[in-house]
Amino acid sequence: MSIPDFVLELRKHVGTAPLWLAGATAVIRHPDRERILLVRRSDNGWWTPVTGIIDPGEHPAHTAVREAREEAAVDIRVDRLASLGVSRMVTYANGDRAQYIDHTFACTYLGGEPHPADGENTDARWFAIDDLPDMSPHMLARIEAGLADEERARLATTTEGTRAEGAAVEDTTAEGAAAG
């Protein structure tokens, strides 16, 4: 995984202490609406949607577009914010710790031949929505949100491994709003 320069600069001051970082996930749907683009991470071998850290001053939707180009060599259109969620605390092999607020976007593929373009991934390919490879439940939840035909973004209330575990959070999904 390529570490952004601003994170490297922060690490000079805080060492491996936990950082709170903003990230973006691009759930990229093929125009046939039957497939999504996934990349295989070089650091752990897992299949995921395109993800990345938001640079200072960068709009989260622009991060999704930039990361799709950098990681998979494809052009996309961001259609909507699908969900906003918080990751568990992540400890990397070098001891660095970080927790992420993730902006998941529903995106449409516009062009480009998918391939691993920046060394962060070993593969990039289309998968049928009903035949996805094994991946973490958190990534599956992001994909589900990105594929849902909902006007409002989901507030992902799963806070596994955070101090807010069990905290009351308003359900802002379309179903929750209708039930409330």
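Numbering-wise, the sequence shown is residues 5 to 184 according to my numbering.
Just so you know, even glycine gets a beta-carbon here, dropped at the ideal spot from N, CA and C.
Using a Cβ-Cβ cut-off of 8 Å, state whether W130 counts as contacting chain C.
The chain inventory of the structure shown lacks chain C, comprising one protein chain alone.
Which residues in the same chain have their Cβ closer than 8 Å to the Cβ of G170, if we skip the five residues on either side of it in sequence?
Reliability of the predicted coordinates at G170 is poor, the pLDDT of 41 falling under 50, and no value is obtained from them.
Using the DSSP secondary-structure output, state which residues sit across from A30 in a beta bridge.
Beta-bridge pairing links A30 to V54 and F109.
Burial state of A183, where buried means 16 or more other Cβ atoms lie within 10 Å
Confidence at A183 is low in this model, with a pLDDT of 36, below 50, so the placement of that residue is unreliable and no value is reported for it.
With respect to the alpha helix (DSSP H) encompassing T20, which residues constitute its N-terminal and C-terminal limits?
Note, T20: premise wrong, no alpha helix (DSSP H); not H, not E.
Considering only C-alpha positions, which residue in the set R101, Y96, D79 and R92 is nearest to N48?
Measuring from the Cα of N48, the nearest candidate turns out to be Y96.
I believe T112 touches I80 by the beta-carbon criterion, under 8 Å. Please report the beta-carbon distance rounded to the nearest angstrom.
About 6 Å; that satisfies the 8 Å criterion.
By a C-beta neighbour count over all protein chains shown, 10 Å radius and 16 as the cutoff for buried, is H17 buried or exposed?
Its Cβ having fewer than 16 others within 10 Å, H17 is exposed.
Just reading off the beta strand (DSSP E) that I40 is part of, what are its end residues?
That run of the beta strand (DSSP E) goes R39 to R45.
Proximity winner among D36, L85, V11 and A145, relative to L25 (alpha-carbon distances)
Closest by C-alpha distance to L25, out of D36, L85, V11 and A145, is V11.
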